[in-house]
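A.B. asks: Numbering (our numbering), first residue to last: 1 to 669.
The C-beta atom is built at its ideal place from N, Cα and C for all residues, glycine as well.
For reference, the structure I am asking about is given below.
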Amino acid sequence: MAADRPSPGGCRSCTTPHDAQPDMAQGAKMKPALPRRLSLQPGAWTLVEGRRCCIHHVLDLETVLVTDTETGAMRRAKVRDLKPVEPIPEVRSAAEVDDLADIADADWQRACERFEMIRPLLETPDCPRVLVHAQAESVGRHPATLYRWVQQYRRNGRLSTLVPAKRGVRSGQHRLDPDVEAILSTTIDEVYLSPQKRSVSYTSNEVARRCHNTGLQAPDARTIRRRIKALSDKERLRGREGGRAVRDKYAPIQGAFPGADWPLAVVQIDHTPIDLILVDDVYRRPVGRPWITLAIDVFSRMVAGFSVSFDPPGAMAVGLCLAHAILPKDSWLTQHNIATPWPVWGVMSTVHADNGKEFRGTMLRKACQEYGMNLHWRPVARPHFGGHIERLLGTLNHEIHNLPGTTFSNPQARGSYNSDEHAAMTLSEFERWLSITIVEIYHQRRHCEIGTTPLQKYEEGIFGSEERPGRGLPDRLLDETRLRLDFMPYAERTVQPHGITLDEIQYYDDILRPWISATDPSDGRGKRKRKLIIRRDPRDISRVYFYDPELKQYFAIPYRNTAHPPISVWELREARRRLKEEGQKAVNEERIFDAYNRLRVLEAEAIHETQKARRAAQRRRDHTEDKPLRPEGVTRLPDTPLASADEIQPFDEIEELNGEGWTPQYGGS
1 MAADRPSPGG CRSCTTPHDA QPDMAQGAKM KPALPRRLSL QPGAWTLVEG
51 RRCCIHHVLD LETVLVTDTE TGAMRRAKVR DLKPVEPIPE VRSAAEVDDL
101 ADIADADWQR ACERFEMIRP LLETPDCPRV LVHAQAESVG RHPATLYRWV
151 QQYRRNGRLS TLVPAKRGVR SGQHRLDPDV EAILSTTIDE VYLSPQKRSV
201 SYTSNEVARR CHNTGLQAPD ARTIRRRIKA LSDKERLRGR EGGRAVRDKY
251 APIQGAFPGA DWPLAVVQID HTPIDLILVD DVYRRPVGRP WITLAIDVFS
301 RMVAGFSVSF DPPGAMAVGL CLAHAILPKD SWLTQHNIAT PWPVWGVMST
351 VHADNGKEFR GTMLRKACQE YGMNLHWRPV ARPHFGGHIE RLLGTLNHEI
401 HNLPGTTFSN PQARGSYNSD EHAAMTLSEF ERWLSITIVE IYHQRRHCEI
451 GTTPLQKYEE GIFGSEERPG RGLPDRLLDE TRLRLDFMPY AERTVQPHGI
501 TLDEIQYYDD ILRPWISATD PSDGRGKRKR KLIIRRDPRD ISRVYFYDPE
551 LKQYFAIPYR NTAHPPISVW ELREARRRLK EEGQKAVNEE RIFDAYNRLR
601 VLEAEAIHET QKARRAAQRR RDHTEDKPLR PEGVTRLPDT PLASADEIQP
651 FDEIEELNGE GWTPQYGGS
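This is how it looks when you write it as structure tokens:
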């Protein structure tokens with residue numbers, strides 16, 4: 001499945017068939033298939049207040065103009081109010097928007113002529129040899145010339161690549177004797193552009209010496225100085241300081257990033273601890289510094305999404321951040337009582353991250369592949385590749401230094417300021433502050449590197465400009481539950497008469513009955529038990545999500561003993577550690593929950609005494625209050641799933657739990 005790609009124009013009329021995937025209640029009969037994505041391109045079909053309509057025009061990032069298919073009446077509709085309809089035959093439009101560049105008229109005309117010569121070849125993806133030779137004979141050009149022009153044009157899709165090169169001596173070319181030119185160039189490279197950092201005078205003398213030794217007339221000293229002066233700063237820095245110095249100095253300043261040519265083409269994601277002490281919700285006492293995981297659209301510098309947690313960085317934080325980035329923000333803004341729009345949603349083409357373990361897990365890679373996202377990692381020792389996200393994180397921390405309870409950037413800056421004593425904001429209050437800072441200040445403020453505000457740049461990328469077409473509004477994903485599930489850790493387990501056992505905790509529902517003691521179909525002898533895919537939210541392990549490979553559907557499976565309280569995987573670890581400290585070797589479900597209850601009593605007694613206990617209590621409240629999935633929420637998968645249970649590899653990051661109950665099986669064994 002391909003990620004959203006830019007359309008030839010911001011308002012092109014077209015309709016895209018949708019894949020089927022509805023939400024369902026547990027155990028319910030399957031509903032008719034609904035689209036997984038809602039296309040917002042002109043020509044797409046939608047429901048507005050129950051009436052079938054066709055999107056006629058995109059007015060802005062939040063509003064479209066639709067036509068009622070029965071009455072022909074046109075009306076405005078909010079994007080958030082659009083609903084999907086069943087796929088209908090595709091409607092093709094003749095509307096085209098060309099991408100023209102600002103080039104001199106004569107050169108532009110030549111480029112247009114070349115484009116007309118290769119136009120038939122661009123209509124075929126593989127440029128068959130027979131077609132190229134026939135076209136070359138028709139236009140009077142050599143086939144190799146047409147091949148070259150096609151490659152030039154397809155490299156970036158811009159007509160300007162076909163502008164003919166200038167003839168004659170260009171700037172940077174020289175008329176010295178070839179042998180003298182060779183000596184001059186070699187000497188500059190070996191002497192001036194070297195770590196020794198020789199002076200211009202020394203280099204000039206060395207050129208004269210080498211010419212004298214070969215019986216050649218040395219060039220004038222002013223010629224040598226002009227040649228050295230003509231070197232670019234990058235060439236000079238690369239030769240005298242090294243390539244890394246060039247990348248560190250110039251890449252962040254230029255703000256260029258390969259492939260970030262339209263909104264959501266490249267999204268960078270990274271973590272950082274926040275320079276702020278937060279307080280708990282109950283006693284308003286300090287609990288420590290949280291972590292923020294942030295995603296930024298490189299093209300526009302718009303913040304696509306974030307997550308804040310007291311948990312250390314991990315794949316779960318990455319998944320929550322990506323889900324927040326991909327999904328519409330309407331409910332989030334309503335929850336935080338923010339009226340300013342945050343019009344960023346949709347599947348990004350490339351997710352660019354650092355080399356941390358949390359970004360390299362199998363689960364995250366497959367989840368990205370499922371939604372057509374390329375997952376790229378920052379090259380080692382190439383910090384400029386993450387410059388955009390790191391600068392934004394630095395900017396946000398600078399704003400945070402104005403809040404009560406800030407730790408500042410270092411002890412020297414903090415001085416005698418008591419961060420714990422001045423701490424005042426809870427995690428939810430900080431999330432609201434951060435959201436307001438992003439949508440009402442950062443998005444609206446001019447960004448020096450792009451020359452406009454992030455919001456205006458994003459709108460330009462969506463709707464286009466005189467110089468280039470827009471990509472159009474991205475599709476909206478309709479199944480939030482499914483999206484969150486796809487970014488959750490998973491394991492493979494057999495189904496026994498008592499249900500599923502995970503970390504000594506049993507889960508059961510009647511939906512598991514057909515799979516009790518099921519055999520692996522790949523085992524010809526029928527002896528090996530079949531392992532099935534289950535997922536769970538680490539923040540609430542009171543249920544797991546079982547994937548039925550025949551129904552292509554997830555089901556929520558609760559504790560077998562529903563009297564147990566909901567706990568997080570971190571609290572599970574804590575209980576297991578306590579049992580180990582007590583010398584308990586035989587760990588079972590009852591002992592785990594008994595240890596959990598005893599820990600909560602100790603925590604309540606110590607709540608006024610230690611920051612660590614308050615942080616543990618606040619973390620548990622955060623996990624309890626933020627449950628993205630409901631027990632009744634299940635999802636029907638597409639008719640042709642991306643990967644079978646045998647092909648799916650477990651979530652690498654769960655190796656952290658080895659020895660404490662979660663033991664993933666690799667390679668489907």
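Tell me the start and end of each unbroken alpha helix (DSSP H) in the region 195-226 that is at least 4 residues and wholly inside, in chain order.
C.D. replies: Complete alpha helix (DSSP H) runs here, min 4: 200-213.
A.B. asks: Looking only at DSSP bridge pairs, what is phenylalanine 546 linked to?
C.D. replies: Position 546 of the sequence shown holds residue 546. According to DSSP, phenylalanine 546 bridges with Ile534, Phe555.
A.B. asks: Please tell me whether, using a cut-off of 8 angstroms, the distance from the CB of cysteine 54 to the nearest non-hydrogen atom of the ligand ZN is below it.
C.D. replies: Judged by which ligands are present, the structure shown has none, so any question about the ligand ZN falls away.
A.B. asks: Take the Cβ of histidine 142 as the centre, count every other Cβ of all protein chains shown within 10 Å, and call the residue buried at 16 or more, exposed below.
C.D. replies: Here residue 142 corresponds to residue number 142 of the sequence shown, with the count starting at 1. With fewer than 16 Cβ atoms within 10 Å of its Cβ, histidine 142 is classed as exposed.
A.B. asks: Does DSSP put cysteine 53 in a helix, in a strand, or in coil?
C.D. replies: Position 53 of the sequence shown, counted from the start, is the residue given in the question as residue 53. Strand, per DSSP.
A.B. asks: DSSP puts aspartate 297 in a beta bridge; with which residues?
C.D. replies: Against the sequence shown, residue 297 aligns to sequence position 297. Note: aspartate 297 sits in a beta bridge opposite Val267.
A.B. asks: Proline 286 lies in the alpha helix (DSSP H); which residues open and close that run?
C.D. replies: Numbered from its first residue, the sequence shown carries residue 286 at position 286. Careful: proline 286 lies outside any alpha helix (DSSP H), inside the beta strand (DSSP E) at 286-288.
A.B. asks: For phenylalanine 306, write down the residues that DSSP places opposite it in a beta bridge.
C.D. replies: As a position in the sequence shown, residue 306 is number 306, starting the count at 1. Leu294.
A.B. asks: For serine 517, does the count of other Cβ atoms within 10 angstroms reach 16, so buried, or fall short, so exposed?
C.D. replies: Your numbering for residue 517 matches position 517 in the sequence shown. It is exposed - the Cβ of serine 517 has fewer than 16 other Cβ atoms within 10 Å.
A.B. asks: How close, in whole Å, do the beta carbons of leucine 478 and proline 84 come, if the pair is a contact with beta carbons under 8 angstroms?
C.D. replies: Here residue 478 refers to the residue found at position 478 of the sequence shown. Here residue 84 refers to the residue found at position 84 of the sequence shown. Indeed, because the Cβ distance is near 6 angstroms, the residues count as touching under 8 angstroms.
A.B. asks: Under DSSP, the alpha helix (DSSP H) around lysine 78 begins and ends at which residues?
C.D. replies: Sequence index remark: in the sequence shown, residue 78 carries index 78 (1-based). Per DSSP, lysine 78 belongs to no alpha helix (DSSP H); it is in the beta strand (DSSP E), 74-78.
A.B. asks: Given this structure, state the Cα-to-Cα distance separating arginine 52 from leucine 40, to the nearest angstrom.
C.D. replies: Locating residue 52 in the sequence shown gives position 52, where the first residue counts as 1. Locating residue 40 in the sequence shown gives position 40, where the first residue counts as 1. Rounded to the nearest angstrom, the two C-alpha atoms are 14 angstroms apart.
A.B. asks: Between which two residues does the beta strand (DSSP E) holding glutamate 492 run?
C.D. replies: As a working mapping, residue 492 is identified with position 492 in the sequence shown. From DSSP, the beta strand (DSSP E) with glutamate 492 extends over 490-493.
A.B. asks: Would you check if the region 273-284 and the region 418-425 touch, i.e. whether three or more CB-CB distances between them fall below 8 angstroms?
C.D. replies: Yes: the two stretches touch, three or more of their Cβ pairs being nearer than 8 angstroms.
A.B. asks: If you measure between the beta carbons of leucine 364 and glycine 319, is that distance less than 9 angstroms?
C.D. replies: Mapped onto the sequence shown, residue 364 falls at position 364. Mapped onto the sequence shown, residue 319 falls at position 319. A contact, by the Cβ cut-off of 9 angstroms.
A.B. asks: Using DSSP bridges, identify the partner residues of threonine 63.
C.D. replies: As a first step, residue 63 is located in the sequence shown; it is residue number 63 there, counting from the start. According to DSSP, threonine 63 bridges with Lys78.
A.B. asks: Mind checking who glutamate 507 pairs with in its DSSP beta bridge?
C.D. replies: For the purposes of this step, residue 507 is identified with residue 507 of the sequence shown, where counting begins at 1. According to the sequence provided, residue 507 is tyrosine. The question's glutamate does not apply to it. Bridge partners of tyrosine 507: Ile500, Tyr559.
A.B. asks: Helix or strand or just coil, what does DSSP make of glycine 464?
C.D. replies: Sequence index remark: in the sequence shown, residue 464 carries index 464 (1-based). Strand, per DSSP.
A.B. asks: Three or more C-beta pairs under 8 angstroms: does that hold for the region 547-562 against the region 498-507?
C.D. replies: Yes: the two stretches touch, three or more of their Cβ pairs being nearer than 8 angstroms.
A.B. asks: From proline 215 to threonine 203, what does the alpha carbon distance come to, in whole angstroms?
C.D. replies: In the sequence shown, the residue the question calls residue 215 occupies position 215. In the sequence shown, the residue the question calls residue 203 occupies position 203. A quick correction: the sequence has glycine, not proline, at residue 215. Whole-angstrom Cα-Cα distance: 18 angstroms.
A.B. asks: What residues match up with alanine 367 in a beta bridge as DSSP calls it?
C.D. replies: Locating residue 367 in the sequence shown gives position 367, where the first residue counts as 1. Alanine 367 pairs with nothing; no bridge assigned.
A.B. asks: Hey, alanine 353 and tryptophan 377 are a contact pair by Cβ (cut 8 angstroms); roughly how many whole angstroms apart?
C.D. replies: In the sequence shown, residue 353 corresponds to position 353, counting from 1. In the sequence shown, residue 377 corresponds to position 377, counting from 1. Right, the Cβ-Cβ distance comes to about 6 angstroms (below 8 angstroms), so this counts as a contact.
A.B. asks: Determine the extent of the alpha helix (DSSP H) in which alanine 317 is found, giving its start and end residues.
C.D. replies: Mapped onto the sequence shown, residue 317 falls at position 317. Unbroken alpha helix (DSSP H) run through alanine 317: 315-326.
A.B. asks: Starting from valine 180 and walking both ways along the alpha helix (DSSP H), at which residues does that stretch end?
C.D. replies: Translated into positions along the sequence shown, residue 180 becomes position 180. Start and end: 178-187.
A.B. asks: Going by the CB atoms, is the gap between glycine 405 and proline 273 shorter than 9 angstroms?
C.D. replies: Locating residue 273 in the sequence shown gives position 273, where the first residue counts as 1. Locating residue 405 in the sequence shown gives position 405, where the first residue counts as 1. For proline 273 and glycine 405, no; Cβs fall outside 9 angstroms.
A.B. asks: Using alpha carbons as the reference points, say which of Ser138, Phe115, Pro120, Ala144 lies closest to valine 163.
C.D. replies: Sequence index remark: in the sequence shown, residue 163 carries index 163 (1-based). The shortest C-alpha separation from valine 163 is found at Phe115.
A.B. asks: Tell whether a beta-carbon distance below 9 angstroms holds between isoleucine 188 and arginine 227.
C.D. replies: On the sequence shown, position 188 is the one that residue 188 refers to. On the sequence shown, position 227 is the one that residue 227 refers to. Yes, the pair counts as a contact, with Cβ atoms nearer than the cut-off.
A.B. asks: Give the DSSP-derived three-state secondary structure of tryptophan 377 in the structure shown.
C.D. replies: Position 377 of the sequence shown, counted from the start, is the residue given in the question as residue 377. Strand, per DSSP.
A.B. asks: Buried or exposed: which applies to histidine 398, given that a residue is buried once 16 or more other Cβ atoms fall within 10 Å of its Cβ?
C.D. replies: Counted from its first residue, the sequence shown places residue 398 at position 398. Exposed is the call here.
A.B. asks: Using three-state DSSP, classify alanine 134 as helix, strand or coil.
C.D. replies: Translated into positions along the sequence shown, residue 134 becomes position 134. Three-state DSSP puts alanine 134 in a helix.
A.B. asks: Tell me which residues share the same chain as alanine 221 and place their Cβ nearer than 6 angstroms to its Cβ, disregarding the 5 neighbours each side in the sequence.
C.D. replies: For the purposes of this step, residue 221 is taken as residue 221 along the sequence shown, with counting starting at 1. Once the five neighbours on either side are set aside, the close Cβ partners of alanine 221 are Ser204.
A.B. asks: Spell out the partners DSSP gives valine 279 in its beta bridges.
C.D. replies: Looking up residue 279 in the sequence shown gives position 279. In DSSP, valine 279 forms a bridge with Pro286.
A.B. asks: Which same chain residues, not among the five before or five after serine 644, have their C-beta less than 6 angstroms away from its C-beta?
C.D. replies: Taking the sequence shown and counting its residues from 1, one reaches residue 644 at position 644. With a pLDDT of 38 at serine 644, under the threshold of 50, the modelled position of that residue is not reliable, and the figure given next carries that caveat. So no residue of the chain qualifies.
A.B. asks: Give the single residue among Asp60, Ile534, Cys54 whose Cα lies nearest to the Cα of aspartate 71.
C.D. replies: Sequence index remark: in the sequence shown, residue 71 carries index 71 (1-based). Reading off the sequence, residue 71 comes out as threonine, not aspartate. That would be Cys54, whose Cα lies nearest to the Cα of threonine 71.
A.B. asks: Give the secondary structure of threonine 145 by DSSP, where H, G and I count as helix, E and B as strand, and everything else as coil.
C.D. replies: The residue labelled residue 145 in the question sits at position 145 within the sequence shown. Three-state DSSP puts threonine 145 in a helix.
A.B. asks: Using 9 angstroms as the limit for Cβ to Cβ distance, is alanine 586 near chain D?
C.D. replies: The question asks about chain D, but that chain is absent: this structure has only one protein chain.
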